[in-house]
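Note that this note's numbering has the sequence shown beginning at 9, numbered continuously upward. Heads up, the beta-carbon is just placed ideally off N, CA and C, and yes, glycines get one too. The model shown is predicted, which means the values in this text are computed figures rather than measured ones.
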Amino acid sequence: MGAKAAAPGDEGEPQGWQTDRSKAPVATKIVVAGGFGVGKTTFVGSVSEITPLRTEAVMTVASEGLDDLVAIPEKATTTVAMDFGRITLDAELVLYLFGTPGQKRFWFMWDDLVRGAIGAVVMADTRRLTECFPALDYFESCGLPYIVAVNHFEGTARYAPEDVREALSLPSYVAVVDIDARRRESVVDALLTLVRQALDAAPA
Ligand SMILES: Nc1nc2c(ncn2[C@@H]2O[C@H](COP(=O)(O)OP(=O)(O)OP(=O)(O)O)[C@@H](O)[C@H]2O)c(=O)[nH]1
Ligand SMILES: [Mg+2]
């Protein structure tokens with residue numbers, strides 16, 4: 009698979025499938041979920057070959073007491089609707105990435121964001137693992153294939169994927185991967201893992 013090395017915002021060159029209709033790839037939708045401030049917007053921005061659509065709002069004193077910034081003190085903005093990006097994985101497969109808002113008060117949007125998706129990435133920060141539970145419960149209950157991507161923040165302990173699996177009581181078929189949401193290759197690897205798992209889960 010030859011993922012195109014386009015930088016975010018590099019929209020000058022149309023993709024082959026945009027100029028030749030006979031090469032239309034399969035377009036699929038992937039949801040990127042997880043707790044508040046775990047790196048969802050960063051994840052979508054790292055791989056998107058179009059300028060990602062973001063709906064960031066500046067966090068104000070109004071969010072004090074609502075949003076827990078202990079683990080991410082430098083955070084100044086938060087997603088209020090969704091992130092949107094696109095990545096061409098190869099000539100036959102284009103992924104549209106939809107990042108969810110992390111804060112509980114925006115979860116009512118999930119049903120719309122998830123419609124038509126083939127799978128989800130649940131991002132986790134090992135300092136705040138319990139924050140993944142709502143996303144895990146949601147995807148378990150709607151039967152959507154998902155993987156867990158542990159986003160590693162500097163200065164935090166590293167845990168083996170198997171330990172994370174145990175802590176989250178994940179079934180064996182759910183992949184757990186270590187990622188750095190800021191690195192394109194790392195995010196592409198996670199997406200490939202999800203696509204493989206979703207294909208395995210699809211009825212033959
Ligand atoms: N060290 C480190 N910092 C990261 C990483 N990913 C994201 N960050 C930082 O963590 C903060 C939160 O990242 P976002 O991508 O906004 O997180 P989010 O999950 O979209 O946040 P909400 O939409 O508010 O829930 C930002 O300051 C990022 O720069 C990472 O892999 N390592
Ligand atoms: Mg965000």
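Helix, strand or coil at threonine 164 [DSSP, three-state]: Under the three-state reduction of DSSP output, threonine 164 falls in the coil class, being neither helix nor strand.
Rounded distance between the beta-carbons of alanine 132 and glycine 42, thought under 8 Å: Indeed they touch by this definition, with Cβ atoms about 6 Å apart.
Other residues of its chain near valine 130: CB distance less than 8 Å, five sequence neighbours each side excluded: Ala41, Gly42, Cys140, Ala143, Leu144, Phe147, Tyr154, Ile155, Val156 and Ala157.
Beta carbon of isoleucine 187 nearer than 9 Å to that of leucine 105: No.
Buried or exposed by the 16-neighbour rule on C-beta atoms within 10 Å, applied to valine 34: With fewer than 16 other Cβ atoms within 10 Å, it is exposed.
The stretch 54-62 touching the stretch 87-98, judged by at least three CB pairs closer than 8 Å: Contact holds: three or more Cβ-Cβ distances are below 8 Å.
Whole-Å CB distance - leucine 152 paired with alanine 125, under 8 Å assumed: Right, the Cβ-Cβ distance comes to about 6 Å (below 8 Å), so this counts as a contact.
Which residues DSSP lists as bridging threonine 63, in chain order: Answer is none; threonine 63 lacks a bridge partner.
Separation of aspartate 208 from leucine 200, as counted between CA atoms: If I take the Cα positions, the gap works out to 12 Å.
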